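S.K.: For reference, the structure I am asking about is given below.
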Amino acid sequence: VDHEGGKVQRFKKIFSRIPEAAMVSATGSAQTAFDVAALMARELKAVGINLNFSPVADINTNPRNPVIGNRSYGTTEEQVSKMVSAMVRGHLTQGVQPCVKHFPGHGDTTVDSHLSLPKVNHPVATLREREFKPFAKGFKSGCNFVMTAHILFPELDPDYPATLSKKILRPFLRDELRFKQLIISDDMEMGAITQNYGAEEAPRLAIEAGCDLLIYRSEAATRKAHAALAAALDTGKLAPEVVLAS
196 VDHEGGKVQR FKKIFSRIPE AAMVSATGSA QTAFDVAALM ARELKAVGIN LNFSPVADIN
256 TNPRNPVIGN RSYGTTEEQV SKMVSAMVRG HLTQGVQPCV KHFPGHGDTT VDSHLSLPKV
316 NHPVATLRER EFKPFAKGFK SGCNFVMTAH ILFPELDPDY PATLSKKILR PFLRDELRFK
376 QLIISDDMEM GAITQNYGAE EAPRLAIEAG CDLLIYRSEA ATRKAHAALA AALDTGKLAP
436 EVVLAS
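Residue numbers for the sequence shown follow the working numbering, so the first one is 196 and each next one is one higher.
Written as structure tokens, this is what we have:
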């Protein structure tokens, strides 16, 4: 489930209303973030949810960002890293897996990836010193899931967004950050993917890039993607070794 707090909280009735990330971070207290996460996770676990697509590890460096904004824990790497680490640990104490998102970072976009494909032109050095760090801190705190961003980073890969990029997920996420756990795509039905990559090609590209799990918000699109992947295996377009590794 997407249960971040603020405007992104799927369960509302009966559940505690969780404040948005910016409000939690404004306390300056990692303990408060930890306690909020533990409360969220305890309520989710009570109804059988064991994976929460939270916390947002994006740094809100662009005030014109149309999709992140107050979903972020702040405008600096230090602030976001501190809160993300606490949120991850709070979830885990209650037996719910958190998922940091959206790698390599959705904080400096001016386009909503739900609608079309954003582009971030930062050099690799900037991403390493800023965007990557909250994710790395989340991993060190025990986070076993990371969600990819449907964003084009030309300095990392001029051809494919992170979700579909072998040049991003394997060298940077797997090798450099040494993340050995599960990589999950953002929703594959978002405009950034559907408007630029075919419904049959996109799931294969995501799996080949390194995604272990794919999100589809509708059953119809899920079935179509599954059939496309099965066909790709049958025809040899998708190597079975890649699927077995995932």
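For each residue, glycine too, the CB sits at the ideal point set by N, CA and C. Note that this is a predicted model, so its numbers are computed, not measured.
For the region 323-406, list the beta strand (DSSP E) runs that are entirely contained and at least 3 residues long, ordered along the chain.
M.R.: Here the runs fully enclosed are 340-343 and 377-382.
S.K.: Quick check on K207: does DSSP put it in helix, strand or coil?
M.R.: Walking along the sequence shown from the start, residue 207 turns up at place 12. K207 falls in the coil class under three-state DSSP.
S.K.: Taking only the alpha-carbon atoms, compute the straight-line gap between D352 and I209 and give it to the nearest angstrom.
M.R.: Translated into the one-based positions of the sequence shown, residue 352 becomes position 157. Translated into the one-based positions of the sequence shown, residue 209 becomes position 14. Their backbone Cα atoms lie some 45 angstroms apart in a straight line.
S.K.: P398 and L424: beta carbons closer than 7 angstroms?
M.R.: Taking the first residue of the sequence shown as position 1, residue 398 is located at position 203. Taking the first residue of the sequence shown as position 1, residue 424 is located at position 229. Yes, Cβ-Cβ distance for P398 and L424 is below 7 angstroms.
S.K.: Would you kindly check if the distance between the Cβ of F229 and the Cβ of Q292 is under 7 angstroms?
M.R.: Walking along the sequence shown from the start, residue 292 turns up at place 97. Walking along the sequence shown from the start, residue 229 turns up at place 34. Contact flag unset, no.
S.K.: In whole angstroms, what separates the C-alpha of L409 from that of T288?
M.R.: The sequence position of residue 409 within the sequence shown is 214, counting from 1. The sequence position of residue 288 within the sequence shown is 93, counting from 1. Computed Cα separation, rounded: 26 angstroms.
S.K.: What is the C-beta distance between E350 and V319, in whole angstroms, given that I count them as a contact (C-beta under 8 angstroms)?
M.R.: On the sequence shown, residue 350 is found 155 positions in, with the first residue counted as 1. On the sequence shown, residue 319 is found 124 positions in, with the first residue counted as 1. So it is a contact: roughly 6 angstroms between Cβ atoms.
S.K.: Taking the CB atoms as reference points, tell me whether N257 and E215 lie closer together than 7 angstroms.
M.R.: Position 62 of the sequence shown, counting from 1, holds the residue named residue 257. Position 20 of the sequence shown, counting from 1, holds the residue named residue 215. No, the pair does not count as a contact, with Cβ atoms beyond the cut-off.
S.K.: Apply the 10 Å Cβ neighbour rule to S413 and answer buried if 16 or more other Cβ atoms are within range, or exposed otherwise.
M.R.: Along the sequence shown, read from residue 1 onward, the residue named residue 413 stands at position 218. Exposed is the call here.
S.K.: Is the beta carbon of V279 closer than 7 angstroms to that of P313?
M.R.: Against the sequence shown, residue 313 aligns to sequence position 118. Against the sequence shown, residue 279 aligns to sequence position 84. Taking 7 angstroms as the Cβ cut-off, P313 and V279 do not qualify as a contacting pair.
S.K.: In chain order, what residues of the same chain lie with their CB nearer than 8 angstroms to the CB of V283, ignoring the 5 residues before and after it?
M.R.: Walking along the sequence shown from the start, residue 283 turns up at place 88. Excluding sequence neighbours, V283 sits near A232, P250, P293, V295, G333, S336, G337 and C338.
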